[in-house]
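Visitor: Those letters in the sequence shown? Residues 20 to 192, by the working numbering.
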Amino acid sequence: MKNFDLGITYSEYLSLADEEQMGIIDRFNEQGQLINKDLHKVRNIENKLNILVFGEPRCKDVATEIPFLLKLSELNKNIEVKFLRREGNEELLEELSGERKVPTFLILNEKGNTVRKYIEFPIGVKEILLNTEKEKVQDIIDNMRKGKYNNLIQEDIIRFLTGENYRYINFTK
């Protein structure tokens, strides 16, 4: 399938990380544990979902959010996830999502076109950021990376996967 077939497996993506980046990825992977809420919605997805993830091994936001997508995708054989680095794929990322931010999760149709997009932060965190003084934005992002908003990450990724009440809003720091 166009665009989706350009992606690599998560193992191949991890092979692009250096030792320090792997330490960060491993730490965030352990921190990103699913809560037992709305998991049945993911298990009940009947249509095939091809998800192309754009990321960078050095990005802490990517390392924070990918574990949730991967663990949720393990609940349903209809969900397949592939990865591309942003570096070297900026034009494709912008063509498919309209932005160049990571992480970007895209559900692609059979023609390789974007059906839904999840970019950078879950909507709940974006709403907090939009209502936060500029000087405190980094504190909110740091708290997300420490696990404070894991429930918001999981909830938004479930909505992204199911399409149920999912909405995307743009956010610029």
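Just so it is clear, CB atoms sit at the ideal spot from N, CA and C, and this is done for glycine as well.
Predicted, not measured: the structure shown is a model, and the values here were computed from it.
Alpha carbon to alpha carbon, how far is residue 116 from residue 90? Give it in angstroms, no decimals.
Guide: Working through the sequence shown from its first residue, we reach residue 90 at position 71. Working through the sequence shown from its first residue, we reach residue 116 at position 97. Straight-line Cα distance between these residues: approximately 23 Å.
Visitor: Assuming residue 102 and residue 29 make a contact with CB atoms under 8 Å, what is their CB distance in whole Å?
Guide: Translated into positions along the sequence shown, residue 102 becomes position 83. Translated into positions along the sequence shown, residue 29 becomes position 10. The Cβ separation is near 6 Å, so the contact holds.
Visitor: Compute the Euclidean distance between the alpha carbons of residue 93 and residue 172, then round it to the nearest angstrom.
Guide: Indexing the sequence shown from 1 puts residue 93 at position 74. Indexing the sequence shown from 1 puts residue 172 at position 153. Approximately 17 Å, taken between the alpha carbons.
Visitor: Taking contact to mean at least 3 C-beta pairs separated by less than 8 Å, is the segment 135-144 in contact with the segment 49-66?
Guide: no
Visitor: With a threshold of 16 other CB atoms inside 10 Å of the CB of residue 149, please say whether the residue is buried or exposed.
Guide: Residue numbering aside, residue 149 sits at position 130 when the sequence shown is read from its first letter. Residue 149 is exposed by the Cβ-count criterion.
Visitor: To the nearest angstrom, report how far apart residue 174 and residue 112 are at their CA atoms.
Guide: Here the question's residue 174 lines up with position 155 in the sequence shown. Here the question's residue 112 lines up with position 93 in the sequence shown. Cα-Cα distance, rounded: 24 Å.
Visitor: How many angstroms separate the CA atom of residue 70 from the CA atom of residue 87?
Guide: Here residue 70 refers to the residue found at position 51 when the sequence shown is read from its first residue. Here residue 87 refers to the residue found at position 68 when the sequence shown is read from its first residue. When rounded, the distance between both Cα atoms is 13 Å.
Visitor: Quick one: residues in its chain with C-beta nearer than 7 Å to the C-beta of residue 131, no 5 flanking neighbours on either side, listed in chain order?
Guide: Indexing the sequence shown from 1 puts residue 131 at position 112. Excluding sequence neighbours, residue 131 sits near 20, 21, 22, 23.
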